[in-house]
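What follows is a short report on a single structure.
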Amino acid sequence: MQDAIEVILREKLGLDANSVGSRIIARAVAQRQAANGVRDRSHYLALLRSAPEELNQLIEAVVIPETWFFRDKEPFEYLRYYVKERAIHAWERTTKPLYVLSVPCSTGEEPYSIAMTLLDAGLTTAQFQIDAVDVSQRALQKAEQAVYGKSSFRGVTAEALERYVEPTARGHQVRPMVRKSVNFIHGNILQPHFLRKTYHVIFCRNLLIYLDGAARDRTMATLDHALFPTGLLFLGAAETSQISGKQNYKSIEHSSAFAYQKQSLTLLDKTDSNSSPALNTNQSSIRHPLNKATFPKTKYLNPPSEKTFDAHQGLSNGFLSKTQSDQGPPILLERAKQLADQGQLTQAAQLCESYVRANPAEASAYLLLGEICQGLSQNKQAETYFQKAIYLDPSAYEALIHLALLKEQQGNQAASEKLRKRAQRLVEQGYHSS
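Per my numbering, numbering through the sequence shown is continuous, rising by one, with the last residue being 436.
Below you can see the structure in the form of structure tokens.
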């Protein structure tokens with residue numbers, strides 16, 4: 003019976019049961035059986051097949067939101083730079099707004115973060131529209147209320163909190179000027195005619211890792227169809243293998259943004275072609291990383307020097323101690339990441355190899371080497387590096403996911419399932435937070 007229920011979830015959501023764990027699905031089913039007063043699993047299966055609303059309720063129980071404002075930070079940093087320093091010139095000359103899609107949007111933190119970023123970049127709410135889509139009605143209801151606890155704002159600067167959030171009796175609520183810029187939609191990306199609009203920017207982070215192979219392919223095709231020529235696509239850190247090697251997407255030169263620009267002969271903005279080192283496709287072979295040193299001296303939502311909101315201490319008048327984000331990786335490894343993000347994979351691999359010779363017990367270096375090898379289509383070597391990363395750090399979530407996907411591509415479903423279960427246990431135990 004469990005297998006039959008997992009098949010229904012796969013058909014409805016494209017959900018790979020191994021990615022969330024059969025135990026979590028079984029627990030959700032038990033909760034829904036109790037809620038319906040149904041003791042027999044076969045009777046519940048019949049109910050599930052005959053009552054669409056019950057299937058929706060089960061989906062709500064299985065899909066557990068895990069997000070916060072400005073999660074991973076760098077995608078928003080790059081979006082702010084892109085709009086403020088380059089793309090805004092294109093939209094200033096037209097009456098059309100910047101169209102942005104956030105899918106899945108969960109409880110709203112990501113699309114609201116996008117809105118705050120665009121406002122900070124100088125756009126008005128009339129100059130952009132954000133569609134935020136999720137399969138969970140419950141998550142969308144919370145998103146529309148826009149009231150959050152303090153843990154949702156970890157890492158957000160006091161300045162951003164004051165500008166975009168207001169305290170209420172129920173918690174901290176996103177201000178109306180931000181809320182009105184986001185249009186929440188109940189939808190499923192796997193359904194036919196999912197969305198008829200096209201977008202300049204799409205955020206689809208940490209969805210693909212939960213889908214089976216066929217659903218991932220369909221999702222990527224839908225995203226590609228929905229993205230304007232030269233548009234930006236943001237993926238999750240463990241999902242970059244889904245797009246590496248695609249000729250019509252170019253990796254953006256910004257470390258940890260995991261952003262890709264769709265390539266087309268028809269450019270959105272043919273002027274100011276030299277205004278952004280990250281987007282000029284006619285540069286010489288000597289490329290410069292788009293790091294904080296090359297950013298214009300303009301205000302950030304999350305500058306490292308600002309005091310930030312600490313989820314464990316409370317607001318304390320909005321000014322608290324620094325987070326651990328000040329502590330960066332070793333310079334050599336960071337440079338290797340920058341080179342990889344620029345597409346200079348061979349040079350990045352050489353730097354990484356130099357680093358691991360001096361630091362043979364550094365799991366993060368082997369993880370990066372594995373990702374670089376995937377980009378070079380050296381999957382066998384990538385597999386070896388991911389295994390080393392996991393050996394050195396059993397809680398290396400991203401390495402587990404990468405390795406699981408490689409095993410799946412090899413047709414080794416048993417090994418893939420085992421790795422996904424290990425990764426899911428890390429989530430359950432609170433080890434994975436990115």
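Cβ atoms here follow ideal geometry from the backbone N, Cα and C, with glycine treated the same way.
In this text the structure is predicted, and so the values were computed from the model without any measurement.
{"Query": "Minimum C-alpha distance to L81 - residue among Y101, L100, T119, C107", "Result": "T119"}
{"Query": "Assumed close pair V102, Y201 - CB separation to whole angstroms, cut-off 8 Å", "Result": "6 Å"}
{"Query": "Limits of the unbroken alpha helix (DSSP H) element including I392", "Result": "381-394"}
{"Query": "Touching by the beta-carbon criterion (3+ pairs, under 8 Å), the stretch 148-158 and the stretch 120-128", "Result": "no"}
{"Query": "Buried or exposed (CB count within 10 angstroms, at least 16 for buried), K86", "Result": "buried"}
{"Query": "C-beta atoms of C107 and V65 nearer than 9 Å", "Result": "no"}
{"Query": "Local Cβ density within 10 Å of N276, reported as buried at 16 or more and exposed below that", "Result": "For N276, the predicted structure reports a pLDDT of 31, less than 50, and the residue's modelled location is therefore unreliable. The matter cannot be settled from this model."}
{"Query": "Straight-line gap, F260 to T242 (C-alpha atoms, nearest Å)", "Result": "7 Å"}
{"Query": "Per-residue burial, G39 [other beta carbons within 10 Å of its own, 16 or more giving buried]", "Result": "exposed"}
{"Query": "Boundaries (first-last residue) of the alpha helix (DSSP H) holding P178", "Result": "178-181"}
{"Query": "N- and C-terminal bounds of the beta strand (DSSP E) containing N185", "Result": "184-188"}
{"Query": "Between the CA atoms of Y46 and K75 - distance to the nearest angstrom", "Result": "42 Å"}
{"Query": "Terminal residues of the beta strand (DSSP E) in which I233 lies", "Result": "The amino acid at residue 233 is misidentified as Ile; the sequence shows Gly. Note, G233: beta strand (DSSP E), 229-236."}
{"Query": "Within the stretch 136-177, ranges of the alpha helix (DSSP H) (whole runs, at least 4 residues)", "Result": "139-147, 160-166"}
{"Query": "Simplified DSSP assignment, three categories, for V105", "Result": "coil"}
{"Query": "Assigned exposure category for E168 - 16 Cβ within 10 Å defines buried", "Result": "exposed"}
{"Query": "Beta-bridge pairing of V203 - partner residues as DSSP gives them", "Result": "V102, L234"}
{"Query": "K339 and L378 closer than 9 Å at C-beta", "Result": "no"}
{"Query": "Nearest candidate by alpha-carbon position, reference G345, set R12, Y114, S257", "Result": "S257"}
{"Query": "Chain-order list of residues whose beta-carbon lies under 7 Å from that of A367 (same chain, five-residue window excluded)", "Result": "L335, C354, Y357, V358, N361"}
{"Query": "Segments of 4+ residues assigned as alpha helix (DSSP H) that fall wholly inside the stretch 37-89", "Result": "43-52, 54-64, 76-84"}
{"Query": "Opposing strand residues paired with A134 [DSSP bridges]", "Result": "S104, F186"}
{"Query": "Simplified DSSP state of L192, which is helix, strand or coil", "Result": "coil"}
{"Query": "Counted within 10 angstroms of its Cβ, other Cβ atoms place E164 as buried (16 or more) or exposed", "Result": "exposed"}
{"Query": "When A228, K264, D343 are compared against E255, the one with the closest alpha-carbon", "Result": "D343"}
{"Query": "Same chain only: Cβ atoms within 6 Å of R172, ignoring 5 sequence neighbours per side", "Result": "V149"}
{"Query": "Continuous alpha helix (DSSP H) stretch holding S366: start and end", "Result": "365-377"}
{"Query": "Distance between A48 and M3 (C-alpha atoms, nearest Å)", "Result": "10 Å"}
{"Query": "Buried or exposed (CB count within 10 angstroms, at least 16 for buried), R29", "Result": "exposed"}
{"Query": "Closest by C-alpha distance to R181, when choosing among D5, L407, Q143", "Result": "Q143"}
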